[in-house]
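Worksheet for the structure shown next.
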Amino acid sequence: MKNVYLDQMILTTCCPTNAGSKMLESYVSLFNATVVEKLTAAGYEIAGKLPVGEFAIDLVGETCFHGKADASPLRDAMGGLSFDVNGAPRRVAAQNDLVFAKPTYGIVSRFGTIPVACSGECVGVTAKTVADCREILSTIVGKDERDGTMHADDVCQKSVNGCQKSVKRVAVIQMEADDQVRAHLEAAKTEMAANGIEICEIDAGVIGAAYAAWNMLMCAELCNNVSRYDGIKYGYRTKNYKTLDELYTNSRTEAFGLTLKSAILYGSDVLSTKNYMAKYDKALRVRRVVVEAFADIFAKVDAVMLPACSKMSYTEGDSPFVENKFTAPASITGLPAVVIKGVQLMGPAFSDGTLLDLARVIAKEGK
Amino acid sequence: MKFETVIGLEVHVEMATKSKIFCSCSAEFGGEQNDHVCPACCGMPGMLPIVNKNVVNLGMTAGMMLNCHINRTTTFDKKSYYYPDLPAAYQTTQWFAPIAVNGTVEIETTKGKKAIRIKQIHMEEDAGKLVHDDWTDTTLVDFNRTSVPLIEIVSQPDLSSAEEVVAYLERLRSLLRFAKVSDCRMEQGSMRCDVNLSVRPEGSQVLGVRTEMKNMNSLSAIVRAIEYETARHIDAIENGTEELVQETRRWDDVKGKSLAMRSKETAGDYRYFPDPNVMPIVIDDNWYNGIKNSLPEFPEVKKARYTAELGLSDYDAGILTDSRALCDCFEAALTVCGSAKEAANWLISDCMNVLNKKQLTADQLTVNGKALGQLIKLVTDGKVGRGNAKKILEVLFETDVDPAVYAEENGLIVSNDTGLIETVIKEAIAADPKAVADFKGGKEKALMALFGKCMKQLKGNCDPQVLRALLIDEINKA
Numbered sequence: 001m002k003n004v005y006l007d008q009m010i011l012t013t014c015c016p017t018n019a020g021s022k023m024l025e026s027y028v029s030l031f032n033a034t035v036v037e038k039l040t041a042a043g044y045e046i047a048g049k050l051p052v053g054e055f056a057i058d059l060v061g062e063t064c065f066h067g068k069a070d071a072s073p074l075r076d077a078m079g080g081l082s083f084d085v086n087g088a089p090r091r092v093a094a095q096n097d098l099v100f101a102k103p104t105y106g107i108v109s110r111f112g113t114i115p116v117a118c119s120g121e122c123v124g125v126t127a128k129t130v131a132d133c134r135e136i137l138s139t140i141v142g143k144d145e146r147d148g149t150m151h152a153d154d155v156c157q158k159s160v161n162g163c164q165k166s167v168k169r170v171a172v173i174q175m176e177a178d179d180q181v182r183a184h185l186e187a188a189k190t191e192m193a194a195n196g197i198e199i200c201e202i203d204a205g206v207i208g209a210a211y212a213a214w215n216m217l218m219c220a221e222l223c224n225n226v227s228r229y230d231g232i233k234y235g236y237r238t239k240n241y242k243t244l245d246e247l248y249t250n251s252r253t254e255a256f257g258l259t260l261k262s263a264i265l266y267g268s269d270v271l272s273t274k275n276y277m278a279k280y281d282k283a284l285r286v287r288r289v290v291v292e293a294f295a296d297i298f299a300k301v302d303a304v305m306l307p308a309c310s311k312m313s314y315t316e317g318d319s320p321f322v323e324n325k326f327t328a329p330a331s332i333t334g335l336p337a338v339v340i341k342g343v344q345l346m347g348p349a350f351s352d353g354t355l356l357d358l359a360r361v362i363a364k365e366g367k
Numbered sequence: 368m369k370f371e372t373v374i375g376l377e378v379h380v381e382m383a384t385k386s387k388i389f390c391s392c393s394a395e396f397g398g399e400q401n402d403h404v405c406p407a408c409c410g411m412p413g414m415l416p417i418v419n420k421n422v423v424n425l426g427m428t429a430g431m432m433l434n435c436h437i438n439r440t441t442t443f444d445k446k447s448y449y450y451p452d453l454p455a456a457y458q459t460t461q462w463f464a465p466i467a468v469n470g471t472v473e474i475e476t477t478k479g480k481k482a483i484r485i486k487q488i489h490m491e492e493d494a495g496k497l498v499h500d501d502w503t504d505t506t507l508v509d510f511n512r513t514s515v516p517l518i519e520i521v522s523q524p525d526l527s528s529a530e531e532v533v534a535y536l537e538r539l540r541s542l543l544r545f546a547k548v549s550d551c552r553m554e555q556g557s558m559r560c561d562v563n564l565s566v567r568p569e570g571s572q573v574l575g576v577r578t579e580m581k582n583m584n585s586l587s588a589i590v591r592a593i594e595y596e597t598a599r600h601i602d603a604i605e606n607g608t609e610e611l612v613q614e615t616r617r618w619d620d621v622k623g624k625s626l627a628m629r630s631k632e633t634a635g636d637y638r639y640f641p642d643p644n645v646m647p648i649v650i651d652d653n654w655y656n657g658i659k660n661s662l663p664e665f666p667e668v669k670k671a672r673y674t675a676e677l678g679l680s681d682y683d684a685g686i687l688t689d690s691r692a693l694c695d696c697f698e699a700a701l702t703v704c705g706s707a708k709e710a711a712n713w714l715i716s717d718c719m720n721v722l723n724k725k726q727l728t729a730d731q732l733t734v735n736g737k738a739l740g741q742l743i744k745l746v747t748d749g750k751v752g753r754g755n756a757k758k759i760l761e762v763l764f765e766t767d768v769d770p771a772v773y774a775e776e777n778g779l780i781v782s783n784d785t786g787l788i789e790t791v792i793k794e795a796i797a798a799d800p801k802a803v804a805d806f807k808g809g810k811e812k813a814l815m816a817l818f819g820k821c822m823k824q825l826k827g828n829c830d831p832q833v834l835r836a837l838l839i840d841e842i843n844k845a
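Sequence lines, in order, name chains A and B. Under the numbering used here, the first residue of the first sequence carries the number 1, and numbering increases by one thereafter. Under the numbering used here, the first residue of the second sequence carries the number 368, and numbering increases by one thereafter.
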């Protein structure tokens, strides 16, 4: 039996999709996400819904309105679809020895996902093995006329299933992380070297600062996207209001959590007339610089490796807006990333299949 | 001191597309409340916008009609604000790279001709409508109008009187209706405008404090509002009756007053940014030229051609060129029947009659021009009587039939069977000896009675000249 979990950001008609927020506690969508339709059409069972942190922007699901999300989520299922907005599914996979594939932006439909940071978010696949991850990913890729940001269908298909390039050189991006994480990086290096792959080390440079720009873009888009939850049409409505302004303010104050509120405030500030050029517009320029930096790197090597997180478990006070320095590079550029054995691989656009091949080497998994 | 008024207009025009701007819901006016809605246009999470290509076509057309530069790469942006009629809490509009910029519109008033500069034209989605239910004292939202495509035409502050504003709006209306961008019906809200107004001492180069009156949708109200607002500004400056502040005002046409709505200080920050879900639209030469080549002649160019080349009277040419539908039908009919005078007559009297009966406007004319041309030709060739042709015309309003085939199938072809005509005449004479006697006694009217009876008996299928001649012959014999 092929069964797959969906996270609470992927809309289904069968059961509520709550985005981990009190705001959408009992919200049932009128339509299914394209990825859900593709899975069921291919004979997969939907195993259920997995909790997410509020609007999927936190570390590992700790801001979910009904308590922390389960850290080892797959249980008996073959895999799960997780919405990658701010790297949470990559951190969960890295810390729980799971595989996670974040596809190239625009090869998997976002139709029917709860929008947060549309310019960089995507549906990814969590699984226990690289083979399962590849199988599920190849089921959900493909052009969807209802998502205007997608690539041509053959481009989508080839990214995962086309003939892959063999990986000869991998660069390790130098970023600070604790000993456990470093041990995972070393183990992966050893495995790659044993398979004849040349390893080199590079300075993070602008890539290491990409998260600052991503925080601006993500929070700006989030602020705009969650404005629709105003207590008027659906979702939580306060009982405590006399005027329209009170209806808006109190509904949102009572239903939204602290992390989300700080993201809304930050995003609103970034987009204000006063700050637009200095913050939002600058962040768009940084995005381009980061894309170019990766293009330079991928002219010399086939893939890069970097941590997915700074440590293997979090404590109170760790911030998703700092910890995302490892995941933001792939989010802001739309490049594919694969988390395997506690490390993160990234490659050029449409190298999703190549990265999975490399992951198989690191995981010592047979074909 | 003498003052001059400085006015800039923002005109919103609903585009004549079948579907909405980002989803496939109907964009038609009216319908049951919340009939034309889907998860996309009522702001539910998970739907992504897909741009209606026809919206871009019409946006480009409008830009070209107003002599604008077309931005070959045009983008959509999000404008955030909270209001219950805006379900996603943002409006998708164009802020950074609108479809068209830097145009001009020429107007003519009693003071002569003047060019009004167009700053930009941008495409955007309309908002829904709030309906207050007095019975339950609740406010309800109707999302039918949400995401209906609009263009907003922003002028430079080049207008200086109510007369110029009316001339400008009428000119826009004529050009946009002609190019089939919109039906521009102010009473249905498919054309409405925001009036930005300030006054300054005549000759001064410095602009005064500006106020904006939103959502004006009748020409007469606009004239009254401009006159009131101008007087209020001058009074404030000359007599210090009040302090002018930059603000949005609402025109109350019943009270004949403008009232403050919100000042600049309390106005929200719209936090514009590019919509990442809509890829930049790149207009290549092929697309651009396709639209350029499909532009209609300007109405006044057409009118000049109709009078100079086709010999129509100024009056007839004026009526035809008031509506693109009439022009299209006229030109198609002309290619078939060859007579401009006949084609114009049929449109201006016969077609207009039917339209009036049906309470339709000229723009709603649905008659196939080629079929009308064939019908006219059948009449001028003497194959169908004029009375029967009018009946066929009514059929052409309903279905696109071939008039010749229809006339044949329904026995409406003029008969050349003189034997039949003579039999009918003889019967008529025999039945009404008094009329015969009256005619012989010099009463011309008596002939018309007999003529009418015969024509009726022949179902109109007879050349009137032939019938008349045969009838007189027969009476003289009797």
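Note that CB positions come from ideal geometry on N, CA and C, so glycine has one too. Everything numeric in this text was worked out from a predicted model, so none of it was measured.
A distance below 8 Å separates the beta carbons of residue 376/B and residue 535/B.
Excluding the 5 residues flanking it on each side, residue 834/B has same chain C-beta neighbours closer than 7 Å at 788, 818, 821 and 822, in chain order. Counting along the chain, residue 650/B sits inside no alpha helix (DSSP H), nor does DSSP assign it H or E at all. Contact of residue 419/B with chain A is not assigned, every C-beta pair being separated by 8 Å or more. Excluding the 5 residues flanking it on each side, residue 192/A has same chain C-beta neighbours closer than 7 Å at 170, 199, 361 and 362, in chain order. Put simply, the backbone Cα of residue 565/B is about 15 Å away from that of residue 617/B. In this structure, residue 428/B and residue 464/B do not form a Cβ contact; the two beta carbons are roughly 18 Å apart against a cut-off of 8 Å. The three-state secondary structure of residue 469/B, taken from DSSP, is strand. Scanning 479/B, 478/B, 461/B and 483/B for the CA closest to the CA of residue 470/B turns up 483/B. The C-alpha of residue 838/B lies about 18 Å from the C-alpha of residue 752/B.
Rounded to whole angstroms, the Cβ separation of residue 126/A and residue 82/A is 5 Å, and the two are in contact under 8 Å. Within the region 80 to 111 of chain A, the residues whose Cβ lies closer than 7 Å to some Cβ of chain B are 110 and 111, listed in chain order.
Taking a beta-carbon distance threshold of 8 Å, residue 30/A counts as an interface residue toward chain B. Going by beta carbons, residue 551/B and residue 540/B fall inside the 8 Å limit. Assignment of residue 175/A by DSSP, reduced to helix, strand and coil, places it in the coil class. With fewer than 16 other Cβ atoms from the protein chains shown falling within 10 Å of its own Cβ, residue 705/B counts as exposed. Buried is the label assigned to residue 225/A, since at least 16 other Cβ atoms lie within 10 Å of its Cβ. By the neighbour-count definition (other C-beta atoms within 10 Å, threshold 16), residue 436/B is an exposed residue. When the alpha-carbon of residue 270/A is set against those of 263/A, 262/A, 280/A and 293/A, the nearest one is in 280/A. Using a Cβ-Cβ cut-off of 8 Å, residue 636/B counts as an interface residue toward chain A, since at least one Cβ of chain A sits closer than that to its own.
In the DSSP assignment, no residue is bridged to residue 270/A. When 801/B, 718/B, 745/B and 785/B are compared, the shortest CA-CA separation from residue 761/B is found for 718/B. Within chain B, no residue has its beta carbon less than 9 Å from that of residue 250/A; the closest one is some 13 Å off.
Counted as a single uninterrupted DSSP element, the beta strand (DSSP E) harbouring residue 486/B occupies residues 479 to 492.
If you draw a straight line from the Cα of residue 268/A to the Cα of residue 223/A, it is about 6 Å long. In this structure, residue 309/A sits away from residue 263/A, with a CB-CB distance that is not shorter than 8 Å. Looking at the DSSP output, residue 516/B sits in a beta bridge with 492/B. 451, 454, 455, 456 and 457: these are the residues of the region 450 to 479 of chain B whose beta carbon lies less than 8 Å from some beta carbon of chain A, given in chain order. In the structure shown, residue 66/A adopts coil according to DSSP, grouped into three states. Taken atom to atom, the span from the alpha-carbon of residue 385/B to that of residue 27/A is near 32 Å. Listed in chain order, the non-local C-beta contacts of residue 601/B below 7 Å within the same chain comprise 370 and 566, local neighbours out to five positions each way being set aside. If you check the CB distance, residue 741/B and residue 703/B come in under 8 Å. If you look at residue 401/B, you'll find it isn't in any beta strand (DSSP E); DSSP assigns it neither H nor E. The beta-carbon of residue 430/B is placed no less than 8 Å from the nearest beta-carbon of chain A. Judged by DSSP in its simplified three-state form, residue 510/B adopts coil rather than helix or strand. Chain B has a Cβ within less than 8 Å of the Cβ of residue 149/A.
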